[in-house]
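As you go down the protein sequences, you meet chains A and B in turn. Each residue of the first sequence is one higher than the last, beginning at 1 in full-length UniProt numbering. Each residue of the second sequence is one higher than the last, beginning at 1 in full-length UniProt numbering. C-beta: ideal position from N, C-alpha, C; glycine also. Keep in mind it's a predicted model, so treat the numbers as computed, not measured.
Protein chains: 2
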Amino acid sequence: MSAIPQDFVRKTAQVSEAITRPFPGSRKIHVTGSRPDIRVPMREITLAPTRMGEGVEHNPPVTVYDTSGPYSDPEVKINLLQGLPSVRGAWIEARGDTEVLSGPSSRYGQARAEDPELAHLRFAHIRAPRRARSGHNITQMHYARRGIVTPEMEFVAIRENCRLREMREDPRYAALLRQHPGQPLGANIPDLITPEFVRDEVAAGRAVIPANINHPELEPMIIGRNFRVKINTNIGNSSLTSSIEEEVEKLVWSCRWGGDTLMDLSTGKHIHETREWVLRNSPVPIGTVPIYQALEKVDGKAEALTWELFRDTLIEQAEQGVDYFTIHAGVLLRYVPLTANRLTGIVSRGGSIMAKWCLAHHQENFLYTHFREICEIMQAYDVAFSLGDGLRPGSLADANDAAQFAELETLGELTQVAWEHDVQVMIEGPGHVPLHKVKENVDKELLDCFEAPFYTLGPLVTDIAPAYDHITSGIGAANIGWYGTAMLCYVTPKEHLGLPNKADVRDGIITYRIAAHAADLAKGFPGAQVRDNALSKARFEFRWEDQFNLSLDPERAREFHDETLPKEAHKVAHFCSMCGPHFCSMKITQDVREYAARQGVSAEEGLDQGMREKAREFVKGGARVYREV
Amino acid sequence: MSAIPQDFVRKTAQVSEAITRPFPGSRKIHVTGSRPDIRVPMREITLAPTRMGEGVEHNPPVTVYDTSGPYSDPEVKINLLQGLPSVRGAWIEARGDTEVLSGPSSRYGQARAEDPELAHLRFAHIRAPRRARSGHNITQMHYARRGIVTPEMEFVAIRENCRLREMREDPRYAALLRQHPGQPLGANIPDLITPEFVRDEVAAGRAVIPANINHPELEPMIIGRNFRVKINTNIGNSSLTSSIEEEVEKLVWSCRWGGDTLMDLSTGKHIHETREWVLRNSPVPIGTVPIYQALEKVDGKAEALTWELFRDTLIEQAEQGVDYFTIHAGVLLRYVPLTANRLTGIVSRGGSIMAKWCLAHHQENFLYTHFREICEIMQAYDVAFSLGDGLRPGSLADANDAAQFAELETLGELTQVAWEHDVQVMIEGPGHVPLHKVKENVDKELLDCFEAPFYTLGPLVTDIAPAYDHITSGIGAANIGWYGTAMLCYVTPKEHLGLPNKADVRDGIITYRIAAHAADLAKGFPGAQVRDNALSKARFEFRWEDQFNLSLDPERAREFHDETLPKEAHKVAHFCSMCGPHFCSMKITQDVREYAARQGVSAEEGLDQGMREKAREFVKGGARVYREV
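Below you can see the structure in the form of structure tokens.
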């Protein structure tokens, strides 16, 4: 982060083609809602027809949820210096309950804005912040509780459905829509998501739409047990590595692979400026842990933290547009000794900072004692709470212990305080938990926190696989998602070892997309199986290109295939490298099916009419398992 | 596989150092049983002491299950041309119920032995095969049912425990032995595995010790629900790729990373010769699918297969020493039409071959009609059945359907026939199954197949992630292991796309070791948490080297760490790259704990005695969250 003005401008005005190029066979579409400015982005994957002998059967396109934002839209000219186009600006303004301030109201925000040393780093197009007008509550929860369906709510309803209604009305999709009934374990997922259902879930606190009024670039999304399971990714420079441009690149990269939200966990210098760049270019909700920045402001001395300093930091970040704050208000003084006999003590950074502060002052956590004031600040910008689990276990041994569950109960108490202010709330969860103890976490959270959306880190189901913790945690994540967790915080292969690079981020995201999708299927989310069915059909019919294009990572699927069978011709071959051309079970099955069809045999009838004679013909005709190439 | 005599000898006489070098901090140990020739291999990981201020606390070594065989034993001189030393030869001979034949009794085995063209490929030290003497039953199940504890049974009992008794008697292990009580879901795992328990489980058919009398190089292991969950790996050349030397290298590689058994699924030429090299150099049980080779013998024409040809193949392979055979005897003629309306038909190679045969002849599967004769052959060498699931689902859509479950019921019927002959049995399972349908598979298998060990491929919990199917299936595998599956067949990232290379094999194995270990923890296998506890303790105390050495893949853990913090000094630093030196939650927690200890505060007492005053001192003393470096 040395002086980089010219380089920075050159490099970041556009993001590289490698991270924005459209996926093969895919096009960006927008589904329009009840008004023309509700345009919900999705990705449509076009498929090749099925060829069986002389016949051709067309395969309808498959629509998938799309987190990539305008970066994958060829009609949008990306210029990071300008930031993304506004999606929600007009909606916010039309509500008439907010006002534009003359400038930042935080002291820190003002100081940074005036510091000439930072000119070369600063995002040039800083808008004046917006805040609720006095006496107004402008949160999505508040609207929902008053019975109002906001454009944001309609947007997420359309987004969740991924054109399910249209598919149901189109007979070409009948086979693709076949799906196992789910086992929702208490979730209550409707047959189709309506804007009114979204409103009711937000009103009840069972779902959150993180959408700060100062983040109009956001494409709204929803986090709740009765919706698609979401995944969060983390970026952030530390004092050791990274620059602003790398962080923005990581953001775009995260959106490309399927991150639904993103937390900026930077702890280095210039985190205020980095955040502005990230927010202005982010189509996904951005979360932060404000105590990290507050600690930077007191040079890392936890005991020097004060409520006033923290308050200023909250306002600073809220006015930039951060959509949710992790606040560790449940780390109470009396809980700290409960961690003394743990194998791995307190492993949450925020949790340890607050524990240290509590011990140093022998006072109750100021985040807890000032919680109502925090609610008032967050209410004024519609920032959602992500109530932090500062006492989460850092090892299997410490899972589900007294410290963890005591804090969870306090988070439930705080949830009700936040809801009194109509401030939206998520609850953070662990961490490291053996497989058979995972469900207890969800059940307790739903009970203690009144079904506020649960947002968990993994959990890792064993401690013994550093370098593979995306997998150890992906196992826990799929299960906890099924059990009722609304959002899964991803873990990369570098967890516990180092900072993730781009390859690690991609591995982490795809792993968590797998986990979230496995959970959606298990809960029986309507339409969730369409993509699986389409891909399996393509696989069975040797439509290799379609198989790649329908996969979560089309680029790697193709690359792996080509390692063994690089020739273009092989992508239309009726075999694959596992068995070679002479010996393919898929091919055999197709022969079996065609043969059965020729005999006029259906599954219902069985094989017994006149089959014996036909069988003789088949053998006489030289039927072979393989065919020459 | 062109002519390679000289190269082959040079290259394979020794395997490369890269795949046999000892893991850092580890040494090979042997635990001796009731007689000196029962020497059970394990790996012992030595740990550094914990340093807290002036004090030093020694950390006792951790013993882990070791599948790597003599390859990781510096005292064994490896020579692939000679094969591995005999482990079981004397035990088998001492039982006096087998005889050494003058040569192979299969026609094919005889023809290969006499073919001068194959001289350059042939393993030079071919032993004459051994077979049960007439009127004798020599299976482990037979001995068990007669109340006999074989050396094999004692060996696996010692192996399963991994020195648990010794740890329990040593007070240094008290903290490491803390473990969450499991949720065994009907498993019945004793507090310590005794040889008598092994015998009783084998007698009941709940566990299998695959141990052909012609595979004396084998280090015995056990597969059963009440033991550690095992993993199987696959190798095999196809007609497109690979040579003998590559297959042997893959075998050693598989053992290194933790494969408990290995299936040789070769379909190319020279599979007879390849198998001999693999068996003579394998410390783990080897499985095959004999129908693959039988099909090669009839040039891929499924309808040309005959019982006589198959029978000869079984004898050929049994006399080489194959420990378990996958036999698709449950694919009945009447089940084939049940697959006609499936999304992905029949995807098992063996299943499709037999389906094609049944249709072509309109006769019942000859593996089913000749099943008793198959049992008699397998009995004579103690080959275990792995009853194949030829109708397993190839997609989520087809999971748990009529075809799959009809076959499973037939496998149950065949299990009882095999048990009449005291032949050991495992049951193969899927495949592709959504998360919430996984348990049904185990429950049905345990019921229909009388608790014979279940051995499943994954299952994959979604179809949409080719190139990541080790992960989609690892999620299913961890769950199905917990629910009661005894062995998990690994899946590599290349599944559905191509043949795995060494990197893929390693990724697949580590993923499955994670899944198996997660299942062991969930079932509450005694001592399973020791390694997690030791690693977490090392992590918490910044003993980086110990953290690496205790991990499933020490080499990659170290490499990932070093990408961010390459300097040697950082491995003893009290921070890591995630937060940098100024801001580390682990460090903070240690400070908190030390502080609490200074105040004489225990978890029981709470923090309220005189803490306020002490807190003031702490602040006055300049307590800081970070320290200078």
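Would residue i pass as an interface residue toward chain B - the criterion being a Cβ-Cβ separation below 8 Å?
{"i": "A/Asn533", "result": "yes"}
{"i": "A/Glu407", "result": "no"}
{"i": "A/Pro5", "result": "Confidence in A/Pro5 is poor, its pLDDT being 44 and thus under 50, which makes the residue's placement unreliable; the coordinate value appears in the next sentence. No, A/Pro5 lies away from the interface with chain B (no Cβ there is under 8 Å from its Cβ)."}
{"i": "A/Leu497", "result": "yes"}
{"i": "A/Ile480", "result": "no"}
{"i": "A/Tyr368", "result": "no"}
{"i": "A/Ala515", "result": "yes"}
{"i": "A/Asp553", "result": "yes"}
{"i": "A/Pro493", "result": "yes"}
{"i": "A/Ile471", "result": "yes"}
{"i": "A/Phe560", "result": "yes"}
{"i": "A/Gln320", "result": "no"}
{"i": "A/Arg172", "result": "no"}
{"i": "A/Ser395", "result": "yes"}
Using a Cβ cut-off of 8 Å (strictly closer), state whether residue i contacts chain A.
{"i": "B/Trp253", "result": "no"}
{"i": "B/Gly580", "result": "With a pLDDT of 48 at B/Gly580, under the threshold of 50, the modelled position of this residue cannot be trusted, and the question is left open."}
{"i": "B/Ser602", "result": "Unreliable placement is indicated for B/Ser602, whose pLDDT of 48 sits below 50; the coordinate value is still reported in the next sentence. Yes, because at least one Cβ of chain A sits closer than 8 Å to the Cβ of B/Ser602."}
{"i": "B/Lys444", "result": "no"}
{"i": "residue 633 of chain B", "result": "This structure leaves residue 633 of chain B out entirely; chain B is present only between 1 and 629."}
{"i": "B/Gly474", "result": "yes"}
{"i": "B/Glu249", "result": "no"}
{"i": "B/His58", "result": "no"}
Quick one: what's got a C-beta closer than 6 Å to residue i's C-beta in the same chain, skipping five residues either side?
{"i": "B/Leu552", "result": "Ile510 and Arg513"}
{"i": "A/Ala452", "result": "Gly205, Thr415, Val425 and Ile427"}
{"i": "A/Thr462", "result": "Thr472"}
{"i": "B/Asn533", "result": "Leu176"}
{"i": "B/Thr274", "result": "Ile244, Glu247 and Ser266"}
{"i": "B/Ser348", "result": "Gly390 and Arg392"}
{"i": "B/Val252", "result": "Val15, Ile19 and Tyr71"}
Tell me which same chain residues have a C-beta within less than 7 Å of the C-beta of residue i, skipping the five on either side of it?
{"i": "A/Val336", "result": "Ala355, Cys358 and Leu359"}
{"i": "A/Glu407", "result": "Gly330, Val331, Tyr335, Asp389, Gly390 and Leu391"}
{"i": "A/Ala90", "result": "Asp37"}
{"i": "A/Phe371", "result": "Ala329, Leu414 and Val417"}
{"i": "B/Asp608", "result": "At B/Asp608, the pLDDT of 42 sits below 50, so the modelled position is not reliable and the matter cannot be decided from this model."}
{"i": "B/Arg165", "result": "Leu192"}
{"i": "A/Ala467", "result": "Pro493 and Leu497"}
Assuming residue i and residue j are in contact, meaning their beta carbons sit under 8 Å apart, how far apart are those beta carbons, in whole angstroms?
{"i": "A/Arg311", "j": "A/Glu373", "result": "7 Å"}
{"i": "A/Val383", "j": "A/Phe450", "result": "With 8 Å as the limit, A/Val383 and A/Phe450 do not qualify as a contact, their Cβ atoms being about 20 Å apart."}
{"i": "A/Arg39", "j": "A/Thr32", "result": "6 Å"}
{"i": "B/Glu152", "j": "B/Arg88", "result": "7 Å"}
{"i": "B/His436", "j": "A/Ala522", "result": "4 Å"}
{"i": "B/Pro393", "j": "B/Val433", "result": "7 Å"}
{"i": "A/Val64", "j": "A/Asp520", "result": "The Cβ separation is near 12 Å, so there is no contact."}
{"i": "A/Glu245", "j": "A/Gly69", "result": "With 8 Å as the limit, A/Glu245 and A/Gly69 do not qualify as a contact, their Cβ atoms being about 18 Å apart."}
{"i": "B/Leu457", "j": "B/Gly484", "result": "Wrong, their Cβ atoms sit about 16 Å apart, outside the cutoff."}
{"i": "B/Ile231", "j": "B/Ala516", "result": "5 Å"}
Taking the DSSP output, what are the residues bridged to residue i?
{"i": "B/Val425", "result": "B/Phe385"}
{"i": "B/Leu460", "result": "B/His432"}
{"i": "A/Thr63", "result": "A/Glu44"}
Who are the near neighbours of residue i in its chain, counting only those whose CB is closer than 8 Å to its CB and skipping five residues on each side?
{"i": "B/Ala207", "result": "Val198, Glu201, Ile222, Ile223, Gly224, Arg225, Asn226, Phe227, Pro453 and Ala486"}
{"i": "A/Glu154", "result": "Gly33, Ser34, Ile38, Pro195 and Val198"}
{"i": "A/Thr98", "result": "Ile92, Arg130, Arg131, Ala132, Arg133, His136, Ile138 and Ile213"}
_Taking 8 Å as the cut-off, does the stretch 162-173 of chain B touch the stretch 505-522 of chain B (at least 3 CB pairs, one atom from each stretch)?_
no
*Are the stretch 342-351 of chain A and the stretch 301-308 of chain A touching, with three or more C-beta to C-beta distances below 8 Å?*
no
_With three or more beta-carbon pairs closer than 8 Å as the criterion, would you say the stretch 135-143 of chain A touches the stretch 107-117 of chain A?_
Counting Cβ pairs under 8 Å, fewer than three are found: no touch.
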